[in-house]
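Peer 1: Take the sequence shown: its letters are residues 631 to 867, numbered as in the numbering used here. We put the CB at the ideal spot given by N, CA and C, even for glycine. This structure is a prediction, so every number in the text was calculated from the model and none was measured.
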Amino acid sequence: MIRRVAVLPHPPLIVPELTGAGDRDAAAVRAACLGIVRGLGPRWFVLGADRVPGRYGPEVAGTFRGFGVDVRVGLGPAADPTFADPALPLPALVAGWLRGEVGAQEATVRVIPADLSPAGCVAEGERMATELSGPDPVDLLVLGDGSHRHGERAVGRPDDRADAFDADIAAALAAVDVDRLSAIDPDLAAELGAVGRAPWQVLAEVVRAVGGRWQATESSMSTPFGVAYHFAVWTAA
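1. Do you know how far the Cα of residue 717 is from the Cα of residue 724?
2. Should residue 831 go down as buried or exposed, given a rule of 16 or more other Cβ atoms within 10 Å for buried?
3. Residue 743 to residue 737, Cα distance in whole Å?
4. Starting from residue 681, follow the beta strand (DSSP E) in both directions and report where the run begins and ends.
5. Can residue 837 and residue 669 be called in contact, C-beta distance under 8 Å?
6. Suppose you measure from the CA of residue 763 to the CA of residue 631; what does that come to, to the nearest Å?
7. Buried or exposed for residue 858, please, with buried defined as at least 16 other CB atoms from any protein chain shown within 10 angstroms of its CB.
8. Closest to residue 646 by C-alpha separation, out of 635, 817 and 661, would be which residue?
9. For residue 853, which residues of its own chain have a beta-carbon under 6 Å away from its beta-carbon, when the five flanking residues on both sides are left out?
10. My guess is that residue 774 and residue 829 are in contact by the Cβ rule of under 8 Å, so how many angstroms apart are they, rounded?
11. Can you list, in chain order, the residues of its chain with a C-beta nearer than 6 Å to that of residue 819? Leave out the 5 residues immediately preceding and following it.
12. How many angstroms separate the CA atom of residue 681 from the CA atom of residue 785?
13. For the alpha helix (DSSP H) containing residue 760, list its first residue and its last residue.
14. Do the region 792 to 800 and the region 647 to 659 meet, that is, are 3 or more Cβ pairs less than 8 Å apart?
15. Could you check what DSSP says for residue 775 in three-state terms: helix, strand or coil?
16. Mind checking residue 700: buried by the 16 CB within 10 Å criterion, or exposed?
17. For residue 728, which residues from the same chain have a beta carbon less than 6 Å from its beta carbon, with the 5 sequence-adjacent residues on both sides left out?
18. So, with DSSP's three-state summary, where would you put residue 643?
19. Does DSSP put residue 769 in a helix, a strand or coil?
20. Indicate the three-state DSSP secondary structure (helix, strand or coil) for residue 736 in the structure shown.
21. If residue 688 sits next to residue 702, beta carbons under 8 Å apart, how far is it from one beta carbon to the other, in whole angstroms?
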């Protein structure tokens with residue numbers, strides 16, 4: 631049974647060891663992420679996207695070594711850092727770091743292909759809603775970034791379409807508008823580097839399948855590094 635939904639970005643820079651001291655932008659993103667997950671319950675189901683899909687349970691450990699520093703994380707108390715997977719996808723790494731920082735009991739992470747089609751997102755969302763419909767309470771944490779083509783700090787070249795694209799995402803998250811999320815153009819999202827597109831569309835289908843009335847209790851967006859970071863919390867109304 632899903633009690634709450636949280637939407638966050640998942641940049642590696644939220645890990646202090648990867649940015650060094652004094653980076654105010656990174657500290658602000660880190661604080662925003664931790665502030666939201668502190669309000670979640672002890673059990674998380676995490677959804678993110680990467681090149682290689684997979685499912686990772688609470689026994690899994692990983693390391694940020696591939697991002698420059700051997701910071702080890704686990705998805706649950708039984709995870710053994712001695713066997714940290716250096717190839718663990720970024721969404722699972724970030725989920726493990728957030729879990730450890732706030733002391734959550736465990737996280738199960740589902741990583742979907744970043745290029746999953748809208749039809750595939752519908753099917754995935756329906757399966758996920760069924761899986762999470764049992765009596766045990768769980769919070770759904772959805773990880774993904776918006777466009778990385780904002781302004782002078784853009785990864786690659788800036789794109790004038792990025793502002794309108796992410797403004798639309800922010801409005802949809804603020805209004806719990808699942809139809810608007812389902813309507814995101816996957817080709818435009820790919821051109822703008824928005825890796826959160828598929829997770830957001832799966833989220834839309836999960837909420838649609840679960841039913842009921844939902845409201846956004848938190849919603850914001852920032853672009854400190856030329857990348858749109860979306861933050862939202864949805865609760866049952």
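Peer 2: On the basis of the coordinates in this document:
1. For the purposes of this step, residue 724 is taken as the residue at position 94 of the sequence shown. For the purposes of this step, residue 717 is taken as the residue at position 87 of the sequence shown. Distance between the alpha carbons of residue 724 and residue 717: 13 Å.
2. Reading the sequence shown from its first residue, position 201 is the one you call residue 831. Flag for residue 831 reads buried.
3. Locating residue 743 in the sequence shown gives position 113, counting from the first residue. Locating residue 737 in the sequence shown gives position 107, counting from the first residue. About 19 Å.
4. For the purposes of this step, residue 681 is taken as the residue at position 51 of the sequence shown. Careful: residue 681 lies outside any beta strand (DSSP E) and carries neither H nor E.
5. Within the sequence shown, numbered from 1, the residue matching residue 837 stands at position 207. Within the sequence shown, numbered from 1, the residue matching residue 669 stands at position 39. In this structure, the beta-carbon distance from residue 837 to residue 669 does not fall below 8 Å.
6. Indexing the sequence shown from 1 puts residue 763 at position 133. Indexing the sequence shown from 1 puts residue 631 at position 1. Residue 763 and residue 631: Cα-Cα distance of roughly 5 Å.
7. For the purposes of this step, residue 858 is identified with residue 228 of the sequence shown, where counting begins at 1. Around the beta carbon of residue 858, 16 or more other beta carbons sit within 10 angstroms, so the residue counts as buried.
8. Looking up residue 646 in the sequence shown gives position 16. Considering only alpha carbons, the answer is 661.
9. For the purposes of this step, residue 853 is identified with residue 223 of the sequence shown, where counting begins at 1. Taken in chain order, the residues that qualify are 780.
10. Reading the sequence shown from its first residue, position 144 is the one you call residue 774. Reading the sequence shown from its first residue, position 199 is the one you call residue 829. Going by Cβ atoms, the distance from residue 774 to residue 829 rounds to 4 Å, so yes, they are a contact pair.
11. For this step, residue 819 is matched to residue 189 along the sequence shown. For residue 819, where only same-chain residues beyond five positions count, the Cβ hits under 6 Å are 827.
12. What you label residue 681 is simply residue 51 of the sequence shown in a count that begins at 1. What you label residue 785 is simply residue 155 of the sequence shown in a count that begins at 1. Those two C-alpha atoms are separated by around 18 Å.
13. Numbered from its first residue, the sequence shown carries residue 760 at position 130. 748 to 761 is the extent of the alpha helix (DSSP H) around residue 760.
14. Short answer: they don't touch.
15. In the sequence shown, counting from the first residue as 1, residue 775 sits at position 145. Residue state, collapsed to three classes: coil.
16. In the sequence shown, the residue the question calls residue 700 occupies position 70. It is exposed - the Cβ of residue 700 has fewer than 16 other Cβ atoms within 10 Å.
17. In the sequence shown, counting from the first residue as 1, residue 728 sits at position 98. Cβ neighbours of residue 728 beyond the five flanking positions: 667.
18. Taking the sequence shown and counting its residues from 1, one reaches residue 643 at position 13. It is helical.
19. The residue labelled residue 769 in the question sits at position 139 within the sequence shown. If DSSP states are grouped into helix, strand and coil, residue 769 belongs with the strands.
20. Taking the sequence shown and counting its residues from 1, the one referred to as residue 736 is at position 106. Residue 736 falls in the strand class under three-state DSSP.
21. Residue 688 sits at position 58 when you count from the first residue of the sequence shown. Residue 702 sits at position 72 when you count from the first residue of the sequence shown. In fact, because the Cβ distance is near 15 Å, the residues do not count as touching under 8 Å.
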